[in-house]
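Accompanying notes for the structure given below.
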Amino acid sequence: GPGGDGGKGGTGTGSKMQSGSGMFGTGTPGPLRLFQQELSDQISWLLPFAIFGIAGLLIAGARERRRLSAEQKEMVFWVAWLVPIAGFFSVAEFFHHYYLIMLAPPIAALVGAGWVALVHLYRNQTGWKSWLLPAAMIATTGFELFILRNYNDQFGAGWSIGVGVIGVISAIALLLFKQRQKPISYYVSLAALLALLVMPIYWASTPLLYGGNSSQPETGPQLASMSGKGMGMSDATVNEKLIKYLEENNSGAEYLFATTDSNTAAPYIIKTKKAVMA
């Protein structure tokens, strides 16, 4: 995989919580905070496409009557979820990266529904409306390249080149097939969307591939250089003699023992499969 050995350069080394501007490496507060390098690779890969998707849903679902269509009502729900939470993370002074997961459902929904709307406009409309899909592909590809540039020293420029080439080819194919009205345009647009998902899927898989900090989780290939360095909870944090003593002297109590925090209790719960009060 592209995780490599940690390497050097950009945000590709060390925990993102220990680098970057702002407390816990959360960037500089402002309207474009989610597009800054400190946060973008944690949640924002497909955010440009979601924004285009909102535009596509508004246009495709437009009606002369004032009553909202079912699709528009669903879009309002997801936008009403996305905007205030994105606004909070844009101005908040203190938060951990894992809180950004709250943005995942609305982004995913708007990308999926937005893609359907954009494909509809692309195949059935003329003028600028029909070009929103290629524009979304180009914008999202460009943003993914912006994110990957910080990791080129870590796992090489091959991934950036691959994403860029696929994005450009997809956009060109969409332009050509639109002019010729080919039915294959649907499959080209689907393949282009799937290509945009490759790097986000890899990023999301890094905690499973390399491990990480279980109390303050994050994603990214920098986790490869941290694996085996005590970032997570393991048997090394369990006192075997204490477990033996507690089990031998347990008189039927509901809890094996009590402690002051969940980080201490968790490895004992996992190891013994018994309740620990925290």
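Per full-length UniProt numbering, residue 1 is the first one in the sequence shown, and the count goes up by one each step. Even for Gly, the Cβ is constructed at its ideal location relative to N, Cα and C. Everything numeric in this text was worked out from a predicted model, so none of it was measured.
- Assignment of beta-bridge partners to Ala258 by DSSP yields Met277.
- Glu218 counts as buried, since no fewer than 16 other beta carbons sit within 10 angstroms of its beta carbon.
- By the C-beta criterion, the stretch 157-174 is judged not to be in contact with the stretch 207-226, since fewer than 3 inter-stretch pairs fall below 8 Å.
- Our two residues, Asp41 and Ile147, have alpha carbons roughly 6 Å apart in a direct line.
- Judged by DSSP in its simplified three-state form, Val91 adopts helix.
- Counting other Cβ atoms within 10 Å of its Cβ, Gly53 reaches 16 or more and is therefore classed as buried.
- About 4 Å separates the beta carbons of Leu223 and Tyr210, which is inside the 8 Å limit, making them a contact pair.
- Shown here, Gly212 sits in coil according to DSSP, grouped into three states, outside any helix or strand.
- A straight line joining the alpha-carbon of Ala108 with that of Leu194 spans about 13 Å.
- In the DSSP assignment, Arg123 falls within the unbroken alpha helix (DSSP H) covering 104-124.
- Apart from sequence neighbours up to five positions away, the residues of its chain that approach Thr141 with a beta-carbon distance below 6 Å are Gly167, ordered along the chain.
- For the pair Gly61 and Leu176, the Cα-to-Cα distance works out to about 26 Å.
- Between the C-alpha atoms of Thr126 and Lys73 there is a straight-line separation of about 26 Å.
- Out of Ile243, Met277, Met75, the CA that lies nearest to the CA of Ile59 is found in Met75.
- Shortest Cα-Cα distance from Ile101 to any of Pro29, Phe89, Met277 involves Phe89.
- If you compare the alpha carbons of Ser205, Leu246, Lys129 with that of Tyr268, the shortest gap goes to Leu246.
- Of the residues assessed, Pro31 falls on the exposed side of the cut-off, its CB having fewer than 16 other CB atoms within 10 angstroms.
- Take the alpha-carbon of Pro29 and the one of Trp81: they are about 20 Å apart.
- Here Arg67 carries a coil assignment [DSSP, helix/strand/coil].
- Annotation for Ser185: the continuous alpha helix (DSSP H) segment containing it runs 185-196.
- The DSSP-derived three-state label of Asn152 is helix.
- Residue environment analysis places Met199 among the buried positions, since at least 16 neighbouring C-beta atoms fall within 10 angstroms of its C-beta.
- One Cα belongs to Pro134, the other to Tyr202, and the distance between them is close to 24 Å.
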